[in-house]
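With the first letter of the sequence shown counted as 1, position 17 gets the number 16 in numbering that gives the first Met the number 0; the numbers rise by one all the way through.
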Amino acid sequence: MMEKTLPVNKIIFGDCQTVLQNLPDNCVDLIVTSPPYADSRKNTYGGIHPDNYVEWFLPKTTQFLRVLSELKT
Ligand SMILES: C[S@@+](CC[C@H](N)C(=O)[O-])C[C@H]1O[C@@H](n2cnc3c(N)ncnc32)[C@H](O)[C@@H]1O
C-alpha cells in the first residue's frame with residue numbers, strides 16, 4: 000500500500016525495491032546507497048552475479064529517481 004505521508008525517525012527494513020515502491024513520488028531529499036559488490040561478498044550477504052548486476056540494479060535506480068524530490072541528492 001502506498002504510504003501517504005512518510006514516517007519520521009523510522010528505519011524501514013526490507014528489500015529496497017519493495018520498500019521504495021510503497022513510497023510516493025518526490026518524497027525523498029537524499030538517497031545514500033551501499034549496494035552489494037556484485038557477488039564478491041557472496042559468503043557474507045549473498046550477492047548478484049556480475050553478468051546480472053545491471054539488470055538487478057536498474058529497476059532500483061528507476062525507483063530512486065521516482066521518489067527523489069526536486070533536491071535530487
Ligand atoms: C556493500 S553491503 C553494505 C555494507 C554497509 N554499508 C556497511 O558499511 O556495512 C551491501 C548490503 O546490501 C544488502 N542488500 C542486498 N540486496 C538488497 C536489497 N534488495 N535491498 C536492500 N538491501 C540489500 C546486503 O544484505 C548487504 O548488507
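Glycine is no exception: its CB is placed at the ideal position from the N, C-alpha and C atoms.
In the three-state scheme derived from DSSP, where H, G and I count as helix and E and B as strand, L29 is classed as coil.
For P23 and V66, the gap between their C-alpha atoms comes out near 6 Å.
Secondary structure note for Y44: its alpha helix (DSSP H) is the uninterrupted segment 41-44.
Counting only residues whose CB is nearer than 5 Å to a non-hydrogen atom of ligand 1, the list in chain order is D14, C15, S33, P35, Y44.
In the structure shown, L67 falls within a strand segment according to DSSP collapsed to helix, strand and coil.
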